[in-house]
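Trainee: When you line the sequence shown up against the numbering used here, it's residues 33 to 117, in that order.
No residue lacks a Cβ here, since even glycine has one placed at the ideal position from N, Cα and C.
Please read all numbers here as calculations on a predicted model, not as lab measurements.
This is the structure I have questions about; it appears just below.
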Amino acid sequence: MNLYEIYLFSNRQERQGRQGHVSFVVGTSVEEAWHTAAKSIPRIWQSCGIREAQLSELNRRITFLRSEVSECESILKTLSEIRNN
33 MNLYEIYLFS NRQERQGRQG HVSFVVGTSV EEAWHTAAKS IPRIWQSCGI
83 REAQLSELNR RITFLRSEVS ECESILKTLS EIRNN
């Protein structure tokens, strides 16, 4: 199995460039990964590309998301305390 990244094209008309991350997906081939992603991302072929990714990229994404969750939990706790007083 390989790790692939689904990304937005920076130029959707020319289907070129990489603008931003959409999702990670695994597959035995790029075609299998593409078909797996297409099941959950409508009209993927119009605005997205796919490339093989490294596990380090996935780990960086996980670290970032954990940080975001922690920040959101802190904000939620603060707002709950304010509203309960």
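On the three-pair Cβ rule with 8 angstroms, is the segment 58–71 touching the segment 100–111?
Mentor: No: fewer than three Cβ pairs fall under 8 angstroms.
Trainee: Could you name the residues that DSSP lists as bridge partners for residue 91?
Mentor: Position 59 of the sequence shown, counting from 1, holds the residue named residue 91. Answer by DSSP bridge pairing: none, since residue 91 is not bridged.
Trainee: Thinking C-alpha only, which one of 48, 45, 49, 85 is nearest residue 55?
Mentor: Translated into the one-based positions of the sequence shown, residue 55 becomes position 23. When only C-alpha atoms are compared, the closest one is 85.
Trainee: Restricting to runs no shorter than 3 residues, where is the beta strand (DSSP E) found entirely within the segment 43–69?
Mentor: Counting only runs of 3 or more, we get 52–59.
Trainee: Could you tell me the alpha carbon to alpha carbon distance between residue 62 and residue 110, rounded to whole angstroms?
Mentor: Here the question's residue 62 lines up with position 30 in the sequence shown. Here the question's residue 110 lines up with position 78 in the sequence shown. Going from the Cα of residue 62 to the Cα of residue 110 covers about 45 angstroms.
Trainee: Quick check: what's the CA-CA separation for residue 108 versus residue 53?
Mentor: The count along the sequence shown starts at 1 and reaches residue 108 at position 76. The count along the sequence shown starts at 1 and reaches residue 53 at position 21. Approximately 27 angstroms, taken between the alpha carbons.
Trainee: Starting from residue 84, follow its DSSP beta bridges and name the residues at the other end.
Mentor: By 1-based counting over the sequence shown, the position of residue 84 is 52. Beta-bridge pairing links residue 84 to 36.
Trainee: Starting from residue 76, trace the alpha helix (DSSP H) in both directions and tell me its first and last residue.
Mentor: By one-based count along the sequence shown, residue 76 stands at place 44. 76–79 is the span of the alpha helix (DSSP H), which, as asked, contains residue 76.
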